[in-house]
Each structure stands twice: as structure tokens, then as C-alpha cells.
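Under UniProt numbering, read the sequence shown as residues 1 to 614, first letter to last. For each residue, glycine too, the CB sits at the ideal point set by N, CA and C.
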Amino acid sequence: MKENGAGARLLPMHGNDLRCLPTRKSTSAAQGADAAKAGGPRRQVGSARRRPVGISDPLSSAKPLWEPASRTGQPAGQGPVDLLEKLARGLQSFSWRPMEGIGKHSWLAGTVGQLPSLNGPSSSYGTAGLLAVLLLSFLAIVLGWVWSSSGRKEDERNYHVPPGDLGLPFFGDTIQYVNAYYNRTIRDYVDMKIAKYGSPVFKAKLMGHTTVFMDAPNGTKLMFNKGNDEKLIQGYWPGSTLKLVGPNVLSAENGAVYRCHKQHLMSHFLGHNVVNRYLGKIETRAIEHIQNHWLDGTIDGSVLEAQNVLRIFTFELVADLCLTLTDKHESEKLRPTFEIWAKGLMALPINLPGSGYYQAMKARAEILSFFEPYVQRRKQELKDGTATPTQDYLSILLTEPDENGHFYTDEEIKTNILHLIHGGANTVAATLTMAIRKITEHSEVYDKLIAEHTSITEVKEEGEPLTNDDVQNMKYTWTVIEETMRLYPALPGIFREATATFEYNGYTIPKGWKLLCTAAQSFQNPEIYEEPEKFDPSRFEREGAPAHTFFPFGGGVRICPGIELAKVTMLVFLHHFLKNLQWTLADPDEKIVYHFSPGTAKGSPIRITKFKAF
């Protein structure tokens, strides 16, 4: 038995009870053919972009949406959700009128009336068809539960696994967890589980997978796995989430593929020195946005929905940096589709017509179609010399190979731009919205911010742009943002996957099980942060965050590559917002909700007053 850092021990294999997770066959040759057909550079077989043998692919089209435990031997593509999806596709060839034949059964009529219609040319289903659908669905769920239970019981016989009730068949705790996530009550959910099982480390079934909730700071330290070369833990997102994000994006990758991709991204687009080059564009965008959306056409006392207006700013900025999307009409056409797609990231992963997840998958296809002419046009512009290789991320992806000399395919380019626009726009807008709410609730924080930004501008000429040194001197402003992210993290939970069976905190965690660290167990933990519900930026001035307890951008080797861009964007925007406006909350009691990132139920309306503060 070997030690593997952070108090974890690798355990030996017992026969065939812990099989390796399936890996995807290399698609490099096919990708190269696709690239050649599209007129782009051809990827060679053996590219560093190939997934190394032994590293499981978290996004495989052959795997079911909610697959049971890896050791059950279930044939690929025959999980319970696959059966439901096939059933739905079959029904789409009919015209289903579920209300026919129900008649006086009002309770059933009320329930069925909420189901989506599936229209087609052939026939119609009455009560018998509906009952057949419900029966098949029930059988699929039971079958999935039996499959997954067999693997789970085998694990629990062989090992002393963390305590926990895996909940309802098939669904597990998914509904309860998503509900707690949406309503910002994950702390209550976690506290209830800890009290029930008497352990800060416990298991639950989420998105069809046995998931271990890890404690902080030791469990978090283990999960971030810095320097362990992913021999124990690797990156993981639920398969349903990765289907929405798409293959070949950074968050879907591990091992050598991940390191190669991240090195390319940091070297050419998101590294500290590269982001410094965008400062002028970021400031220009912030000034124009505040003028156009907050000052022009408004009067003192006007009420604006801060959350929705800020989403316009961050989306337009990141879309400009990624593919020089400057046409307002095009941007307005694309942004609502992105919002539908983003909501699907925390929707129940049921890919059936009418569901939020289904709508998000449709939105993803529309976004990629929108990007296609941009990619083809840019290829021609680069050939003609009317675009530059460093103009934006699109140009970089088309002209800069990775460290092994291989280029990205058109499909990879589109999915990576989708991923980057969402990561750079949605989370930044959410944090700015929450910061603006908290600043106006705490006059002492507002006064300190005004003092800091006045000291920066009083030595500059009127209209003189900000410098990198100016941004670095916004130290108190950054503590305000940090405290905002502690209370309202853009990502309240981070998933990983065990790549080997290991022992932690007296429990055995089998290979293939998922791990989750939540902000509830660290950011809002009174044993770590004094008065955790209190907004107090000075806590980051005094001592900073204890190690492995504050991870708004993740941590370890998989820390978010966009930290610097997010930081500069938020600091520059707040500088000009504070300079031109005062505000109060129009609805101080508005509910905070989560759709992947924090937001408010009514768009966070604020009442503004035009005011030149410095």
C-alpha cells in the first residue's frame, strides 16, 4: 500500500472488481480528414491532442447520460436514459394527444397536461399509448437502479466506504442537490448530511454517479491534487454537463492533453502579460457601456436591472476578444441563445423534448452554427492579410499550433470559443452584480472604495487611461471582490474523479467514484471564517484566506486560466462605475438564486443617480 500525498493511500486492486473506465479511441485521423476537407490544417495521427491511453474520456457519445457504476459491465449506450431518449425519438414520428381517452380522471389529466406534445405525421396515442410510455419509463428506471446497485453493493462489501444514503433509485440525491444549489441552501443540505452520518466526508448519488463530498481543508487539498500528476484524482464534470460544453474544451481534458491545451491558452491569450495588452480595449468597452446603458437616456432615479445590463457588458467584451464580434445586432441575436444554453448547465439532465436540458442542447447547436461563417471568413481574411494572427482568440487558434506543432480543427475552435465566452462573461457579470449589491449595503465599504480610486485618478490628467500599475494598486477593491466571491461563489461546487482506489480519513474511495468539494464546507464554514454570513472585505486585508479554503477559481493544476482577465475586467469596470454613479437597491429583499452562477430573481433592479465622485 503506497502513500500518495494529502494523507491518501493507494489501495491494491482486488481481482476484476475495479475495472478501468472506458477510454475513447483516438479520433486524430478523422479530425485531420475533417480539417483538410474544411480547408484547415490537418492534424496528424499521434498528435498531443490525442487522449493518452489509460485516461478516461468523461465525454463519450457512446456512454449513457446517467451511466451506472463502471464495474457493472453494462453495454455502452444501453443505460436507462438511453432507452428513454430512444423512446422519445420514436414517439416523434407520431402525433401524441395525451388528453384523449383520459376523460373524467382529472388528477391524471392535470398531470398529463404538463407533458410536452410530440407531433408527427402518422398516428395518435390515447390512454393506452400514454400508459405504455409510463410503463416503459418505469421499467427503464428500475433496470438502471438494479444495474447501478450491483456495482455499489460490491464496493461496499469490499471496502469501508464513506457513509451515506444514495437516495431514490436512478435519481439519487440529484433533485435535492439541484434544488439546494438553485436556492442557495447547499450549506443546509451539507449540514443535514453531516449531522445524519456523523462525518464531514459522506456519499450521495448525483447525476447518476456515487459522489463523495470532501471536507475542508484536507479534502480540498487532496482534490486539487497539485503536483500529483493525476495519479490519484483527475478533472471531472458530469457527462450531461460536458455534452453541453462539448468535447476538446479544457475542462473536459486531463493529463498531457490538458497540460498542452492550457499551455497554448495561457501563452497566447490568457497569460498575465497577454491580458495586459487588452487593458485599453477593456477600459474603452467599460466607458462606452456605462455611457450608453447607464448615463444616456436615463435620469436621476431611473431603475435599471443591473444583472441584465452587466451581462450585456461582459458578453460583448469577451465576444470581441474572442472573435471581434463588434456588430451590436449580431451580439444581441447571439446573447439570448447563450443564456438558454447556460441555464442548461444546472438543469436536470433529461434530454427529452420540453426540458431545460433539451433546450440547452438545441441552443448549443445554434451557437456553433453562428460561429461557422466567422471561422471560414477569418481563414480568408488571414490569407488576404486583412486580419492579423493576434487579432483575437479565433485568429490565434487558426494560426498558432500547440507545443507539438498541431493545429485545432474547426469544430474544436468553435467549441473552445463557446466555452471561453461563457466562462469569461457569465461568471464575471454574476460577481459584478453581487458586488454592486453588497457595496451599496455597506457605506463604509463604499467610502473606502472612493478613497482608493480617488488616489489613483488625482495624479492623472482628465481622460488619461488606466495603466497596469493603476490596476495593481486597486488592492482594497480586489478584497471587496474576493469577499463577494466568498459569499456568492460563481461555482459553488467543484467535481473530480478518483483514478485509483485510495484511502482517505479512514474511508476507502473506489476508483471511478466522483469527488465534490463545495463552498458550503469551506467558504461558509464558521470553523474557518468567523461570522461567515457577514460581508467583511477586511478579512482578506488582515490575513487572507486559509490555505485550501477559498477557491473561487478552482485550484491546483486545474485552476481557472481566466483569473487575470476576470480580475482586470472587474477592477476596471468598478473604477468607472464608482466614478460616474451612485445607486441604491430598488428591491433589497430580492431573492438570490443560482443558474450555475449566482443571480437574482428579478434581475437586481437598482435606482441610479448620476454623480461624478472623482
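Am I right that residue i and residue j are in contact with their C-beta atoms under 8 Å? What's the rounded C-beta distance?
i	j	result
H261	L250	5 Å
K205	G172	2 Å
L585	I608	Not a contact, Cβ separation roughly 11 Å.
G603	E305	3 Å
P336	H548	Contact flag wrong, Cβ pair sits at about 38 Å.
K610	D229	Going by Cβ atoms, the distance from K610 to D229 rounds to 55 Å, so no, they are not a contact pair.
A180	D191	Actually they are not in contact, since the Cβ atoms of A180 and D191 sit about 11 Å apart, beyond 8 Å.
D402	C322	That pair is no contact at about 18 Å.
V245	H419	6 Å
residue 616	T220	Absent from the structure is residue 616, since the part of the chain shown begins at 1 and ends at 614.
V375	K414	7 Å
G463	G562	Their Cβ separation, rounded to whole angstroms, is 29 Å, which puts G463 and G562 out of contact at 8 Å.
R496	Y182	The Cβ separation is near 23 Å, so there is no contact.
Can you tell me the Cα-Cα spacing of residue i and residue j, whole angstroms?
i	j	result
A429	D320	16 Å
F252	T477	Correcting the residue identity first, residue 252 is Ala in this sequence and not Phe. Looking at the two C-alpha atoms, the distance is approximately 33 Å.
M474	E452	7 Å
Q234	T501	13 Å
L65	K343	Bear in mind that the predicted position of L65 carries a pLDDT of just 36, short of 50, making it unreliable; the figure below should be weighed with that in mind. Spanning the two alpha carbons is a distance of roughly 18 Å.
T484	E411	36 Å
V201	H329	50 Å
I494	G554	7 Å
M346	P247	18 Å
D165	E527	26 Å
Q582	I439	10 Å
I456	D470	6 Å
T479	V445	10 Å
I287	G297	16 Å
T399	L325	19 Å
G385	A566	31 Å
N266	C560	Note on residue identity: the sequence assigns Met, not Asn, to residue 266. Going by the C-alpha atoms only, they are around 11 Å apart.
E564	F224	20 Å
D215	L232	17 Å
G113	P353	Per-residue confidence for G113 stands at a pLDDT of 38, beneath the threshold of 50, marking its modelled position as unreliable; the derived number appears in the next sentence. Roughly 14 Å separates the two Cα atoms.
S443	V303	20 Å
M361	F371	16 Å
D589	P162	39 Å
A519	L382	45 Å
N292	M207	43 Å
R378	P389	10 Å
Y197	G167	14 Å
S254	T454	Here the sequence assigns Asn to residue 254, which means Ser is not the residue at that position. Those two C-alpha atoms are separated by around 45 Å.
N308	L394	27 Å
F535	E441	10 Å
T499	L516	14 Å
G405	Q176	47 Å
R184	P598	9 Å
Do the CB positions of residue i and residue j come within less than 8 Å of each other?
i	j	result
I481	T433	no
Y507	H272	no
L348	T174	yes
L317	T600	no
R539	Y529	yes
K514	T210	yes
I396	A613	no
I186	P492	yes
Y357	I367	no
F338	H422	yes
L222	Y504	yes
Q524	P532	yes
V212	I509	yes
I282	H576	no
R364	W341	yes
N580	L295	yes
Query raised in the report: Is it true that the region 481-495 meets the region 591-600, where meeting means three or more beta-carbon pairs spaced less than 8 Å apart?
Result: yes
Query - Runs of beta strand (DSSP E) wholly within the region 259-339 (minimum 3 residues, chain order) - result: 303-305
Query raised in the report: Considering only residues of the region 167-217, which uninterrupted beta strand (DSSP E) runs meet the minimum length of 3 residues and lie entirely inside it, listed in chain order?
Result: 202-206, 209-213
Requested in this report: Enumerate, from N- to C-terminal direction, the unbroken alpha helix (DSSP H) stretches of 4 or more residues contained entirely within the region 343-391.
Outcome: 356-384
Requested in this report: Identify every run of the beta strand (DSSP E) within the region 461-518, keeping only runs that are complete inside it and at least 3 residues long; order them along the chain.
Outcome: 493-498, 502-504, 507-509, 514-518
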